[in-house]
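Last residue of the sequence shown: number 451 in the numbering used here, and the count goes up by one each step with no gaps. For glycine and all other residues, C-beta sits at the position ideal for the given N, C-alpha and C.
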Amino acid sequence: MSLRPTTPSKTTPRKPGQLSGSAVFGLQILVGLAIILGMFALNAVAGKLVMPKPTDVLNQSIRLWSDGTMLKALGESVTVIGLGFLLSAVSGILLGVLLGGNRILARVFDPFVNALNSTPGAAFIPLIIVWFGLYTEAKIVVVWNAALFPILINTAAGISNANKDLVEMGRAFGAKKATLFWRVMVPDALPSILSGLRIGAAISTVGTVIAELTMAQSGLGGLLAQAGNRFQMDRYFAVVLVLMALGTALTALLRYIERRLGRWRVAQGEAS
180 MSLRPTTPSK TTPRKPGQLS GSAVFGLQIL VGLAIILGMF ALNAVAGKLV
230 MPKPTDVLNQ SIRLWSDGTM LKALGESVTV IGLGFLLSAV SGILLGVLLG
280 GNRILARVFD PFVNALNSTP GAAFIPLIIV WFGLYTEAKI VVVWNAALFP
330 ILINTAAGIS NANKDLVEMG RAFGAKKATL FWRVMVPDAL PSILSGLRIG
380 AAISTVGTVI AELTMAQSGL GGLLAQAGNR FQMDRYFAVV LVLMALGTAL
430 TALLRYIERR LGRWRVAQGE AS
């Protein structure tokens with residue numbers, strides 16, 4: 180009989196009703212298979228004009244990738260998404276920090292921000308075309324305009340709703356306003372900022388497709404327009420799949436960054 184002390188297991192017990200990662204992945208596979216079977220069934224009932232066969236979509240995808248058409252369109256769309264989202268992220272965070280950290284500015288500009296946010300982005304497209312033309316610059320502005328306000332509003336809300344106890348504690352220890360702002364309020368607002376960035380990234384993909392459809396047709400939006408006008412639904416769905424994958428990849432990347440920064444905030448809190 181061993182008298183050695185047993186070390187407690189480090190595995191966290193699963194909560195009731197919580198599925199393991201493998202079980203969730205298995206369910207996702209089943210959902211995907213159900214969608215594919217549903218496409219086959221709808222194609223058999225309504226024809227390829229309503230729903231193409233998944234095999235036809237796959238063949239069209241292979242053809243578009245092999246001749247370089249999809250790669251070229253993806254490069255054009257990623258350029259617009261990347262530059263537009265980067266511009267909206269920088270300006271949205273800066274403006275959000277400014278409005279969230281200054282109550283007077285927030286009260287003055289709040290109705291204007293809400294008015295612009297509630298206006299459909301498509302309403303600005305004719306004005307953007309007049310100012311910037313029909314090409315890449317104008318499309319970047321469309322994406323910037325679409326993604327700016329979720330980032331700005333979430334950042335401002337996170338800054339203004341920072342932990343009051345931490346702020347008061349810092350003031351009690353004589354911390355300056357700038358120190359409180361950058362060391363307490365901004366780190367505490369990180370979840371809200373990252374949430375705004377995640378929403379903005381998703382909207383950037385939508386804004387890019389709208390810009391490419393309404394302006395000089397190019398990129399993935401241009402391929403969508405060409406396929407839709409010719410009723411080539413297998414080609415159309417092949418482009419839609421790339422757009423879905425692109426949006427999913429952007430969201431997954433931002434979620435990964437959010438988790439990493441979340442761990443950093445926990446470690447920072449435990450160290451302090």
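Query raised in the report: Do you know whose CA, among 233, 419, 324, 260, lies nearest residue 301's CA?
Result: Here the question's residue 301 lines up with position 122 in the sequence shown. Here the closest residue by C-alpha is 324.
Query - Through-space distance from residue 330 to residue 215, alpha-carbon basis - result: By 1-based counting over the sequence shown, the position of residue 215 is 36. By 1-based counting over the sequence shown, the position of residue 330 is 151. Cα to Cα, residue 215 sits roughly 35 Å from residue 330.
Requested in this report: Helix, strand or coil for residue 383, going by three-state DSSP, please let me know.
Outcome: For the purposes of this step, residue 383 is taken as the residue at position 204 of the sequence shown. In the three-state reduction of the DSSP assignment, residue 383 falls in the helix class.
Query raised in the report: By a C-beta neighbour count over all protein chains shown, 10 Å radius and 16 as the cutoff for buried, is residue 185 buried or exposed?
Result: Locating residue 185 in the sequence shown gives position 6, counting from the first residue. At residue 185 the pLDDT is 48, less than 50, meaning the model places this residue with poor confidence; the figure from the coordinates comes in the next sentence. Burial state of residue 185 is exposed, judged by a 10 Å Cβ sphere holding fewer than 16 other Cβ atoms.
Report task. Could you check which residue in 201, 230, 219 has the C-alpha nearest to that of residue 413? Result -> Taking the sequence shown and counting its residues from 1, one reaches residue 413 at position 234. Minimum Cα-Cα distance from residue 413 among the listed residues 201, 230, 219 corresponds to 230.
Query raised in the report: Straight-line CA distance for residue 287 to residue 281?
Result: Here residue 287 refers to the residue found at position 108 when the sequence shown is read from its first residue. Here residue 281 refers to the residue found at position 102 when the sequence shown is read from its first residue. Rounded to the nearest angstrom, the two C-alpha atoms are 10 Å apart.
Query raised in the report: Distance, Cα to Cα, residue 309 vs residue 391?
Result: Taking the sequence shown and counting its residues from 1, one reaches residue 309 at position 130. Taking the sequence shown and counting its residues from 1, one reaches residue 391 at position 212. Rounded to the nearest angstrom, the gap between the Cα atoms of residue 309 and residue 391 is 16 Å.
Query raised in the report: Do residue 311 and residue 322 have their CB atoms nearer than 7 Å?
Result: Taking the sequence shown and counting its residues from 1, the one referred to as residue 311 is at position 132. Taking the sequence shown and counting its residues from 1, the one referred to as residue 322 is at position 143. No, these two residues do not count as a Cβ contact at 7 Å.
Query raised in the report: Do three or more CB pairs link the stretch 380-400 to the stretch 422-439 at distances below 8 Å?
Result: Counting Cβ pairs under 8 Å, three or more are found: they touch.
Query raised in the report: Is there contact between the stretch 432-440 and the stretch 247-263, where contact requires at least three CB pairs shorter than 8 Å?
Result: Put simply, the stretch 432-440 does not touch the stretch 247-263. Fewer than three CB pairs are less than 8 Å apart.
Query - residue 447 versus residue 315: straight-line alpha-carbon distance, rounded - result: Here residue 447 refers to the residue found at position 268 when the sequence shown is read from its first residue. Here residue 315 refers to the residue found at position 136 when the sequence shown is read from its first residue. Note that residue 447 scores 49 on pLDDT, short of 50, meaning its location in the model is unreliable; the coordinates nonetheless yield the value given after this. Cα to Cα, the separation comes out at about 42 Å.
**Report entry** Nonlocal neighbours in the same chain, by C-beta distance under 8 Å from residue 253, ignoring five residues either side
**Finding:** Translated into positions along the sequence shown, residue 253 becomes position 74. Around residue 253: 398, 399, 421, 425.
Query - Unbroken alpha helix (DSSP H) run spanning residue 313, endpoints - result: Mapped onto the sequence shown, residue 313 falls at position 134. Where residue 313 is concerned, there is no enclosing alpha helix (DSSP H), given that its DSSP letter is neither H nor E.
Query raised in the report: On the three-state DSSP scale, how would you describe residue 229?
Result: To locate residue 229, count along the sequence shown from 1; it is residue 50. Judged by DSSP in its simplified three-state form, residue 229 adopts coil rather than helix or strand.
Query - Residue environment, residue 172, which counts as buried when at least 16 other CB atoms sit within 10 Å - result: With the chain covering only 180 through 451, there is no way to say anything about residue 172.
Query raised in the report: Looking at the structure shown, is residue 400 part of a helix, part of a strand, or coil, going by DSSP?
Result: Reading the sequence shown from its first residue, position 221 is the one you call residue 400. Residue state for residue 400 is assigned as helix, using DSSP reduced to three classes.
Query raised in the report: With a cut-off of 7 Å, does the C-beta of residue 282 fall near any C-beta of chain D?
Result: Considering every chain present, this structure includes no chain D. It has just one protein chain.
**Report entry** Proximity winner among 213, 212, 381, 409, relative to residue 427 (alpha-carbon distances)
**Finding:** For the purposes of this step, residue 427 is identified with residue 248 of the sequence shown, where counting begins at 1. Among 213, 212, 381, 409, the Cα nearest to that of residue 427 is on 381.
Query raised in the report: Which of helix, strand or coil does DSSP assign to residue 187?
Result: Numbered from 1 along the sequence shown, position 8 holds the residue referred to as residue 187. Its pLDDT being 47, under 50, residue 187 is placed unreliably in this model, and the value from its coordinates should be taken loosely. Residue state, collapsed to three classes: coil.
Query - Per-residue burial, residue 264 [other beta carbons within 10 Å of its own, 16 or more giving buried] - result: Numbered from its first residue, the sequence shown carries residue 264 at position 85. With a threshold of 16 other beta carbon atoms within 10 Å, residue 264 meets it and is buried.
Query raised in the report: Quick one: what does DSSP say residue 207 is sitting in, helix, strand or coil?
Result: Walking along the sequence shown from the start, residue 207 turns up at place 28. Helix, per DSSP.
Requested in this report: Pull up the distance between the alpha-carbon of residue 418 and that of residue 202, whole angstroms please.
Outcome: The residue given as residue 418 occupies position 239 in the sequence shown. The residue given as residue 202 occupies position 23 in the sequence shown. For residue 418 and residue 202, the distance between alpha carbons rounds to 30 Å.
Query raised in the report: So, helix, strand or coil for residue 409, using DSSP?
Result: As a position in the sequence shown, residue 409 is number 230, starting the count at 1. Of the three classes helix, strand and coil, the one that applies to residue 409 here is coil, per DSSP.
Query raised in the report: Starting from residue 289 and walking both ways along the alpha helix (DSSP H), at which residues does that stretch end?
Result: Here residue 289 is taken as the residue at index 110 of the sequence shown, counted from 1. Residue range 282-297 is occupied by the alpha helix (DSSP H) that includes residue 289.
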